[in-house]
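For reference, the structure discussed in these notes is given below.
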Amino acid sequence: MDRFAMFGRPRVSHETEMSFLDHLGELRTRLIVCIAAIFTTTLFIGLPLSERFVELLLRPLRVADIGDSDAPLTIEVAADGTLRLKDAATTAPRAGTLASMRINFEVRRPDGQMTVIPFGPRLKQNLYYRQLFDPFIITLKAAMLVGIALAVPVWLWQLWAFVSPAFTPAEIRWVRPIFMAALILFPIGSAFSYFMLRFAFEVFFRAFAINGLEPWLDPNAYISFVLMFMLLFGAVFETPLIVILLVRLKVVTTEGLRRTRKYAILVIAILAACLTPPDPLSMIMMGVPLWLLYEASIWISVALEQRIGAPSSDAAEA
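Each residue of the sequence shown is one higher than the one before, counting from -8 in my numbering.
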């Protein structure tokens, strides 16, 4: 058996038979290539960019509006020197929110001039490490994440080169587009979730705040949460590809997808309502892309069923 190319096109074809040990040897070599690529990108690119990467992950927390009050208390100074609260029922911040932790008193002097006196602690969106080596560990983690992201083309190519000989030429013609689409949809979903993090933080801190308590965030936990959030959305954006694959394997049909459309829209609406602020615009910004992904999976599945000759309804009904 010819030796396979580590970086080039695999030399084995679908008809070539390999023993179990040959497969293990190929897998070992391709794993070494992947690890070497990640190590190189981490050392020469990830470490220099680690600080900027951490700042990028912190940005959604820093720009989130989770602390200031939109309805300051207004206190007027009467001519006799006494302080009087004006419209307490409408100007007082709502209890149980972070807004009530800091109050801006607007004091109007007898001459008509206004003076703003802040009262209470200002909410800080900072991270505080508790262990001596936490900054070093965070730097290494950020560098490795950058290195892994930059090495994606290498280890995905190695994965494809390892598994592609198992497919027939006919199977490769429909597996390859799905593989390439996955490379596009996953980063789009991750980027979308990154921009939605600000609204997620605003909802969480305002909905579950308790008077007198201020967040004391751990950097390791925060970074892990942000990355998990981005990975989750990246996986959600792969949903059309999973649906298309199931249709190709004849596990589901487009007719079944149409019948369950209303339930899918209901689930999407619930997710959008739970993960966004309680305003229609934010809900639409998250719900519409997910709904479009579901509809796109139906249309593509219709075309796929017609191409492979499976029973399908007219595409116009979609």
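The beta-carbon is built from N, C-alpha and C at its ideal position, and this holds for glycine as well.
So, are the CB atoms of residue i and residue j less than 8 Å apart?
| i | j | result |
| --- | --- | --- |
| F153 | R19 | no |
| D188 | P51 | Here the sequence assigns Leu to residue 188, which means Asp is not the residue at that position. Taking 8 Å as the Cβ cut-off, L188 and P51 qualify as a contacting pair. |
| I128 | I214 | no |
| A133 | P101 | no |
| E193 | A55 | yes |
| A264 | M274 | yes |
| V98 | V68 | yes |
| T32 | A212 | no |
Where do the N-terminal and C-terminal ends of the alpha helix (DSSP H) with residue i fall, by residue?
| i | result |
| --- | --- |
| Y213 | P210 to V227 |
| Q122 | It is not in any alpha helix (DSSP H) - Q122 carries neither H nor E in the DSSP assignment. |
| P101 | It is not in any alpha helix (DSSP H) - P101 carries neither H nor E in the DSSP assignment. |
| T230 | T230 to R239 |
| D71 | No alpha helix (DSSP H) contains D71, which DSSP labels as neither H nor E. |
| E332 | Summary: the structure shown does not reach residue 332, with the chain confined to residues -8 through 309, and so no result is reported for it. |
| F30 | F11 to T32 |
| E246 | T245 to R250 |
Would you mind giving the Cβ-Cβ distance between residue i and residue j, rounded to the nearest angstrom? I have them listed as a contact below 8 Å.
| i | j | result |
| --- | --- | --- |
| G37 | V137 | 4 Å |
| I259 | L281 | 5 Å |
| G225 | F190 | G225 to F190, Cβ: 18 Å. No contact. |
| S292 | V234 | 6 Å |
When you compare the CB of residue i with every CB in chain B, is at least one pair closer than 8 Å?
| i | result |
| --- | --- |
| V143 | The structure shown contains no chain B; it holds only a single protein chain. |
Regarding residue i and the ligand MG, is the C-beta to nearest heavy atom distance less than 7 Å?
| i | result |
| --- | --- |
| L237 | This structure lacks the ligand MG, and indeed carries no ligand of any kind. |
Examine the Cβ distances between the region 164 to 182 and the region 215 to 234 and report whether three or more of them are shorter than 8 Å. yes
Flag this pair as touching only if the region 22 to 32 and the region 113 to 132 have three or more C-beta atom pairs under 8 Å; answer yes or no. Contact between the region 22 to 32 and the region 113 to 132 is absent, because fewer than three Cβ pairs lie under 8 Å.
Inspect the CB distances between the region 273 to 287 and the region 245 to 264 and report whether three or more fall short of 8 Å. Segments in contact, yes.
Stretch pair the region 231 to 241 + the region 136 to 156: three plus CB contacts closer than 8 Å: no
Decide yes or no for the touch test of the region 32 to 44 against the region 177 to 185: beta carbon pairs closer than 8 Å, at least 3 of them. no
Taking the runs of the alpha helix (DSSP H) that are 4 residues or longer, which of them lie wholly in the region 123 to 168? 125 to 141 and 143 to 154
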